[in-house]
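Asker: Below you'll find the structure I mean.
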Amino acid sequence: MGVTLDAGGGDKKVKPNINVTPLVDVVLVLLIIFMLVIPNMQEGVPIELFKANNAEQDESEAEPITVSIALDRDSGEIGYYIADPEGERALTRDGLVAELAGIHEADPSRQLLVRGDARIEYGEIREVFHDCQNLGFAYIQLAVGAQKEGWQEG
Numbered sequence: 028m029g030v031t032l033d034a035g036g037g038d039k040k041v042k043p044n045i046n047v048t049p050l051v052d053v054v055l056v057l058l059i060i061f062m063l064v065i066p067n068m069q070e071g072v073p074i075e076l077f078k079a080n081n082a083e084q085d086e087s088e089a090e091p092i093t094v095s096i097a098l099d100r101d102s103g104e105i106g107y108y109i110a111d112p113e114g115e116r117a118l119t120r121d122g123l124v125a126e127l128a129g130i131h132e133a134d135p136s137r138q139l140l141v142r143g144d145a146r147i148e149y150g151e152i153r154e155v156f157h158d159c160q161n162l163g164f165a166y167i168q169l170a171v172g173a174q175k176e177g178w179q180e181g
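Position 125 of the sequence shown, counted from 1, bears residue number 152 in the numbering used here, the numbering being contiguous throughout.
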């Protein structure tokens, strides 16, 4: 079907001649089938996804509001701070939430950066993060440090 052998007489040797046209035809048909079928495939149950205000980060020039949660070395108490042009201002947790509510009300598109001290339990930082989400901030970042070489969990 795709191979022709020249077995003529004399001192001629056998020369295989492969016809690749049927192979190319089959590959092109398969390519067309996959091009039509794959875009229509979905993984799992078909669903409609939620709509988000900021699905992708906008290229804004405004600096994010920085919220820091730190552990005081002397007293062992958790301190809440918000960045100001003059520096960081200490607040209570309720004061921090009230301040962030006012900022969000003035400009709902502002981004927020939450920095947490590694010595504080993650649950405490997550609660502040959750409070920020409940205020309606659409884009909240959690600042993390680089993992040191050789560090292992445990």
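Just so you know, even glycine gets a beta-carbon here, dropped at the ideal spot from N, CA and C.
What does DSSP give as the partner residues of Q168 in its beta bridges?
Answerer: L140.
Asker: What ranges does the alpha helix (DSSP H) occupy inside the stretch 116-161, keeping only unbroken runs of at least 4 residues that lie completely in it?
Answerer: DSSP runs (the alpha helix (DSSP H)) wholly in the stretch 116-161: 120-133.
Asker: Is R116 closer than 8 Å to Y108 when the C-beta atoms are compared?
Answerer: Contact: yes.
Asker: Hey, how far is the Cα of A82 from the Cα of Y166?
Answerer: Low confidence applies to A82: its pLDDT is 48, below 50, so where it sits in the model is not reliable, and the reading given next is rough at best. Going by the C-alpha atoms only, they are around 9 Å apart.
Asker: Do you know offhand how far F61's Cα is from V53's?
Answerer: Taking the straight line joining both Cα atoms gives about 12 Å.
Asker: Are there 16 or more other CB atoms within 10 angstroms of the CB of V141, so buried, or fewer, so exposed?
Answerer: Classification of V141: buried, given that the 10 Å Cβ count is 16 or more.
Asker: Indicate the three-state DSSP secondary structure (helix, strand or coil) for V54 in the structure shown.
Answerer: Correct three-state label for V54: helix.
Asker: Would you kindly work out how many angstroms separate the C-alpha atoms of N46 and P66, rounded to a whole number?
Answerer: Taking the straight line joining both Cα atoms gives about 33 Å.
Asker: Can the beta-carbon of I92 be found less than 8 Å from the beta-carbon of R137?
Answerer: The answer is yes: Cβ separation under 8 Å.
Asker: On the DSSP letters alone, give me the boundaries of the beta strand (DSSP E) that I65 sits inside.
Answerer: No beta strand (DSSP E) holds I65; DSSP gives it neither H nor E.
Asker: What span of residues does the beta strand (DSSP E) with N46 cover, start to end?
Answerer: No beta strand (DSSP E) contains N46, which DSSP labels as neither H nor E.
Asker: Excluding the 5 residues preceding and the 5 following V94 in the sequence, name in chain order all residues of the same chain whose CB lies nearer than 6 Å to its CB.
Answerer: These residues qualify, in order along the chain: I109, V141.
Asker: Here's the rule: buried if 16 or more other CB atoms are within 10 angstroms of the residue's CB, otherwise exposed. What is I59?
Answerer: With fewer than 16 Cβ atoms within 10 Å of its Cβ, I59 is classed as exposed.
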